[in-house]
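S.K.: In this text, residue positions in the sequence shown follow UniProt numbering: the first is 499, and each later residue adds one. Don't be surprised by glycine CBs; every beta carbon is placed ideally from N, CA and C.
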Amino acid sequence: AKDAGRGVVRYFSSELQSEQEDRVRLEADLRAALESRQFHLAFQPLVSAKNQKLIGFEALVRWNHPRRGFVPPNVFIPVAEECGLMGPLGEFIIEEACRAAASWPEPITVALNVSPKQIILPNLPNVVSQALARHRLPGNRIELEVTEGVFLDSSSRSLDILGRLRALGVGIALDDFGTGYSSIGYLNKAVFHKLKIDGSFVRDAGTRPGNVAIIKSIVQLAKDFRMSVTAEGVETAEDFERMRELGCDTIQGYLFGKPLSYERANQLVVGLGAR
Ligand code: C2E
Ligand code: CA
Ligand code: CA
Ligand code: CA
499 AKDAGRGVVR
509 YFSSELQSEQ
519 EDRVRLEADL
529 RAALESRQFH
539 LAFQPLVSAK
549 NQKLIGFEAL
559 VRWNHPRRGF
569 VPPNVFIPVA
579 EECGLMGPLG
589 EFIIEEACRA
599 AASWPEPITV
609 ALNVSPKQII
619 LPNLPNVVSQ
629 ALARHRLPGN
639 RIELEVTEGV
649 FLDSSSRSLD
659 ILGRLRALGV
669 GIALDDFGTG
679 YSSIGYLNKA
689 VFHKLKIDGS
699 FVRDAGTRPG
709 NVAIIKSIVQ
719 LAKDFRMSVT
729 AEGVETAEDF
739 ERMRELGCDT
749 IQGYLFGKPL
759 SYERANQLVV
769 GLGAR
């Protein structure tokens with residue numbers, strides 16, 4: 499039994515060690531990726547629920563590593579945050595999102611994601627206002643998406659920063675609403691202009707009456723606070739019809755398009771002008 503016990507300990511410790519090695523390698527690869535520009539943005543269409551017209555895009559970061567291939571943002575964003583790379587990576591994302599938005603006509607907007615740790619990095623409002631100025635872009639052509647995670651720590655500081663971004667005219671959307679720690683008291687601070695309903699509520703709404711109840715209350719909450727509502731993860735015509743009927747203003751999901759390269763997104767915008 500003693501032997502087995504030791505064996506188990508050894509097994510765990512070597513697994514832990516290799517996890518740490520993987521982590522160190524991922525960190526090194528991330529650093530190198532920033533230098534050699536392995537990141538790019540993909541753009542997922544957002545359409546109006548009323549007439550299904552394209553109204554903008556959500557920018558989603560993509561990492562194509564020469565050996566690893568495609569690494570999902572859910573995997574590398576937390577690592578980038580922990581090893582201090584979110585500053586430079588975030589600046590790249592802001593710059594590329596503003597460049598894309600500036601290349602497209604009004605009223606096409608570009609939403610970009612900002613992680614909770616990125617919010618409280620020094621200078622985020624400056625980084626954003628400088629990118630806007632560089633591209634001669636009015637603040638209202640971009641939107642920042644933040645999750646309820648911003649209220650976990652440094653919440654008063656986060657609110658202050660969100661307020662400064664709002665003062666630039668930038669829209670602030672509360673992403674994945676209802677999936678995190680509820681903090682709806684913050685809606686009183688009026689920094690948010692939009693709530694985004696997580697795809698997990700949307701996709702099972704047909705089979706789970708509870709999800710419909712949740713979506714209904716999110717929509718009502720948004721109306722009462724004069725915010726708009728986006729439903730994410732809309733994959734089927736039934737999803738779309740249901741979300742439209744429940745009062746969502748904008749729709750996003752595979753039904754209207756997966757995240758696209760800049761070139762393909764641009765073709766959609768150009769097609770809009772030609773209609
Ligand atoms: P998110 O902000 O909630 O983004 C939505 C995710 O759902 C995206 O995954 C998108 O590709 C996916 N999606 C969109 N429509 C559908 C659909 O109809 N069905 C299904 N099954 N999925 C759909 P992605 O790109 O892998 O991003 C995952 C998460 O990683 C994002 O969730 C966001 O939290 C984070 N992320 C992505 N890009 C960035 C970024 O540039 N900065 C930061 N800070 N986080 C990012
Ligand atoms: Ca998002
Ligand atoms: Ca989301
Ligand atoms: Ca999400």
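#1: Listed in chain order, which residues are found with a beta carbon closer than 6 Å to a heavy atom of ligand 2?
#2: Closer than 7 Å to a non-hydrogen atom of ligand 1 - does that hold for the CB of LEU558?
#3: What three-state label does DSSP hand ILE575 in the structure shown?
#4: Starting from GLY697 and walking both ways along the beta strand (DSSP E), at which residues does that stretch end?
#5: Would you mind giving the Cβ-Cβ distance between ALA557 and ALA631, rounded to the nearest angstrom? I have them listed as a contact below 8 Å.
#6: Check whether the region 581–601 and the region 627–645 touch, using three or more Cβ-Cβ pairs below 8 Å as the test.
#7: Exposed or buried, ALA499, counting other C-beta atoms within 10 Å across all chains shown (16 or more means buried)?
#8: For the alpha helix (DSSP H) that SER715 lies in, which residues bound it at each end?
#9: Taking Cβ to Cβ, would you say LEU583 is nearer than 8 Å to LEU660?
#10: Can you name the start and end residues of the beta strand (DSSP E) that PHE568 belongs to?
#11: Please report the straight-line C-alpha distance between GLU517 and THR645, rounded to a whole angstrom.
#12: Among the residues of its own chain, which have a CB less than 7 Å from the CB of ALA629, if the five just before and after it don't count?
#13: Taking C-alpha atoms, which residue in GLU761, LEU544 and SER726 lies nearest to GLY755?
#14: Is VAL732 near ligand 1, going by C-beta to nearest heavy atom under 7 Å?
#15: Here's the rule: buried if 16 or more other CB atoms are within 10 angstroms of the residue's CB, otherwise exposed. What is GLU730?
M.R.: With the given structure in hand:
#1: GLU556, ASN611, GLU643 and ASP673
#2: yes
#3: helix
#4: Run containing GLY697: none in the beta strand (DSSP E); it sits in the alpha helix (DSSP H), 697–701.
#5: Going by Cβ atoms, the distance from ALA557 to ALA631 rounds to 19 Å, so no, they are not a contact pair.
#6: The answer is yes - the region 627–645 touches the region 581–601, with three or more Cβ pairs under 8 Å.
#7: With a pLDDT of only 40 at ALA499, under 50, the local geometry of the prediction cannot be trusted, and the value read off the model is given with reservation. Exposed.
#8: 707–722
#9: no
#10: 567–569
#11: 28 Å
#12: ILE592, GLU593 and CYS596
#13: LEU544
#14: yes
#15: buried
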